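Some notes on the structure that comes next.
Encoded structure:
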């Protein structure tokens with residue numbers, strides 16, 4: 704055995720065969736097909752590496768966006784807590800203002816509840 708390298712046999716359509724023959728020119732058919740396969744595989748590896756970098760960049764920008772939104776939500780929460788405290792203090796003030804008059808506070812017997 705002279706050649707101890709793996710080999711591939713494929714069947715292709717006549718149209719594809721004619722295109723390969725027209726493009727390869729004077730170059731050896733096997734060498735040309737090998738060169739095309741290697742170029743295709745390298746292009747896929749480069750594209751997947753670029754896609755991976757693009758994905759990482761996209762995820763980093765998404766993380767920054769979510770951090771910004773989280774900070775905004777925290778600020779809104781603080782604002783809402785301040786408003787809630789203000790509302791509660793105003794509620795207490797109005798309750799004090801609406802207290803019954805001293806005449807209304809005087810105790811009545813329970814059987815006189817219908818009288819003013």
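In my numbering, the protein residues as written are 704 to 819. For glycine and all other residues, C-beta sits at the position ideal for the given N, C-alpha and C. Just so we're clear, the structure is a prediction, and the values are computed from it rather than from any experiment.
Inter-residue Cα distance where the pair is residue i and residue j
i	j	result
residue 724	residue 733	11 Å
residue 775	residue 768	11 Å
residue 746	residue 739	11 Å
residue 764	residue 779	23 Å
Beta-carbon proximity of residue i to residue j, cut-off 9 Å
i	j	result
residue 726	residue 720	no
Close-in-space but distant-in-sequence residues of the same chain around residue i (CB under 6 Å, 5 per side omitted)
i	result
residue 788	none
residue 783	none
Checklist entry - If you scan the segment 717-753 from start to end, which runs of the alpha helix (DSSP H) of 4 or more residues do you find wholly inside it? => result 717-727
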